[in-house]
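> Taking numbering that gives the first Met the number 0, I'd label the letters of the sequence shown as residues 0 to 218. Input: one structure, supplied below.
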Amino acid sequence: MLGHRSSDVLVDVCTQRDFLATDGANPCCNASDVRGNVKRLMALARWAHLPAISCVDARRACEVRGLPRPDCVVGTLGQRKLSATLLPSRVHVDCDNFLCVPLDLLEHYQQAILVKHHRDPFTNPKLDRLLTEVPANRFVVFGAGLETSIRLLVLGLLLRGRRVALVSDACGWWSADEGDMTFRQLSAKSCELLTTAQLIDETLATQRRVAVRLRRSVA
Numbered sequence: 000m001l002g003h004r005s006s007d008v009l010v011d012v013c014t015q016r017d018f019l020a021t022d023g024a025n026p027c028c029n030a031s032d033v034r035g036n037v038k039r040l041m042a043l044a045r046w047a048h049l050p051a052i053s054c055v056d057a058r059r060a061c062e063v064r065g066l067p068r069p070d071c072v073v074g075t076l077g078q079r080k081l082s083a084t085l086l087p088s089r090v091h092v093d094c095d096n097f098l099c100v101p102l103d104l105l106e107h108y109q110q111a112i113l114v115k116h117h118r119d120p121f122t123n124p125k126l127d128r129l130l131t132e133v134p135a136n137r138f139v140v141f142g143a144g145l146e147t148s149i150r151l152l153v154l155g156l157l158l159r160g161r162r163v164a165l166v167s168d169a170c171g172w173w174s175a176d177e178g179d180m181t182f183r184q185l186s187a188k189s190c191e192l193l194t195t196a197q198l199i200d201e202t203l204a205t206q207r208r209v210a211v212r213l214r215r216s217v218a
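See below:
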């Protein structure tokens, strides 16, 4: 579908109703601001044809029995992704214990959606393989929750030698102090921090440079 070898790849983490909707079971403290910026990022993906890897939480009803406010239970409204985070060309990849997943997935679909059952996204072998081996200029990460899944995801990507940028105002947190500590930790480990507006400006500038090169090549 697109050549993303030199492209940014968006990594959308748990942008689900239970975490980002006002009526969610466990909304982030900054859910309202994050929700708006996530919508802007996905609109940018549509316009600039940026590929996206998305992971969603899925908990079975039997696993959360007895909890006062379980979140992301399979089959519930809260487990669904925000509608704005679904790209038209997308594929859902089944979660199992096998590594078998085509590495050219993002050549055929703009968005690949994978399920995780634990905080650490790398516990899904297929997601691990995609994040480890898919060619990308850098992975641009955003979503929920910053102190848990996003932190583990970014650390895992850096450990694998991948270039990572974190969109700070599009990351949901439950504790401002822990969120700030996470930003400092990831920045110290060479994760780039940028805002939604900065990413949009960068992408627009890149698109303009590409357009100029194309015009020159056909002149």
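Heads up, the beta-carbon is just placed ideally off N, CA and C, and yes, glycines get one too.
Can you find at least 3 beta carbon pairs, one from the segment 84-96 and one from the segment 109-117, that sit closer than 8 Å?
Yes, since at least three Cβ pairs between the segment 84-96 and the segment 109-117 fall closer than 8 Å, the two stretches touch.
> How many Å lie between ASP22 and ALA175 at the Cα?
Walking along the sequence shown from the start, residue 22 turns up at place 23. Walking along the sequence shown from the start, residue 175 turns up at place 176. Cα to Cα, ASP22 sits roughly 21 Å from ALA175.
> Note down, one range per segment and in chain order, each beta strand (DSSP E) of at least 3 residues found wholly within the segment 80-107.
Counting only runs of 3 or more, we get 89-92.
> Taking three-plus beta-carbon pairs below 8 Å as touching, is the segment 160-169 in contact with the segment 36-56?
With the cut-off at 8 Å, the segment 160-169 and the segment 36-56 touch.
> Please list the terminal residues of the continuous alpha helix (DSSP H) segment that includes VAL63.
Locating residue 63 in the sequence shown gives position 64, counting from the first residue. Here VAL63 belongs to no alpha helix (DSSP H), and DSSP marks it neither H nor E.
> What are the boundary residues of the beta strand (DSSP E) that ASP7 is part of?
Counting from 1 along the sequence shown, the entry for residue 7 is found at position 8. Start and end: 7-12.
> Following the continuous beta strand (DSSP E) through LYS115, name the residue where it begins and the one where it ends.
Within the sequence shown, the letter at position 116 stands for residue 115. Per DSSP, LYS115 belongs to the beta strand (DSSP E) from 110-115.
> Within a Cβ cutoff of 6 Å, which residues of the same chain sit near ASP127, ignoring the five residues on either side of it in sequence?
Against the sequence shown, residue 127 aligns to sequence position 128. Cβ within range, chain order: PHE121.
> Taking the alpha carbon of GLU146 as the point to measure from, which residue in ALA196, GLU177, ASP7 and GLY77 has its own alpha carbon closest?
In the sequence shown, residue 146 corresponds to position 147, counting from 1. It is GLU177.
> By the three-class DSSP mapping on this structure, what secondary structure does VAL37 have?
If you number the sequence shown from 1, residue 37 lands on position 38. Helix at VAL37.
> At the level of alpha carbons, what is the spacing between ALA57 and ALA143?
Numbered from 1 along the sequence shown, position 58 holds the residue referred to as residue 57. Numbered from 1 along the sequence shown, position 144 holds the residue referred to as residue 143. Cα to Cα, the separation comes out at about 14 Å.
> So ASN25 and ASP17 are in contact, right, with Cβ under 8 Å, and what is the actual spacing, rounded?
As a first step, residue 25 is located in the sequence shown; it is residue number 26 there, counting from the start. As a first step, residue 17 is located in the sequence shown; it is residue number 18 there, counting from the start. The pair is a contact, with the Cβ atoms about 6 Å apart (cut-off 8 Å).
> Can you tell me whether LYS188 is buried or exposed, with buried defined as 16 or more other CB within 10 angstroms of its CB?
Against the sequence shown, residue 188 aligns to sequence position 189. That one is exposed.
> Any contact of the segment 147-157 with the segment 87-96, i.e. 3+ C-beta pairs under 8 Å?
They do not touch, by the three-pair rule.
> Could you give the first and the last residue of the continuous alpha helix (DSSP H) run that contains GLU146?
In the sequence shown, the residue the question calls residue 146 occupies position 147. No alpha helix (DSSP H) contains GLU146, which DSSP labels as neither H nor E.
> What separation, rounded to the nearest whole angstrom, lies between the Cα atoms of CYS94 and SER216?
In the sequence shown, residue 94 corresponds to position 95, counting from 1. In the sequence shown, residue 216 corresponds to position 217, counting from 1. So the two alpha carbons sit approximately 44 Å from each other.
> How should ASP7 be labelled, buried or exposed, when 16 other C-beta atoms within 10 angstroms of its C-beta is the threshold for buried?
Along the sequence shown, read from residue 1 onward, the residue named residue 7 stands at position 8. When all chains shown are included, ASP7 counts as buried.
> Considering only the beta carbon of each residue, do GLY65 and CYS71 sit closer than 8 Å?
For the purposes of this step, residue 65 is identified with residue 66 of the sequence shown, where counting begins at 1. For the purposes of this step, residue 71 is identified with residue 72 of the sequence shown, where counting begins at 1. Contact flag unset, no.
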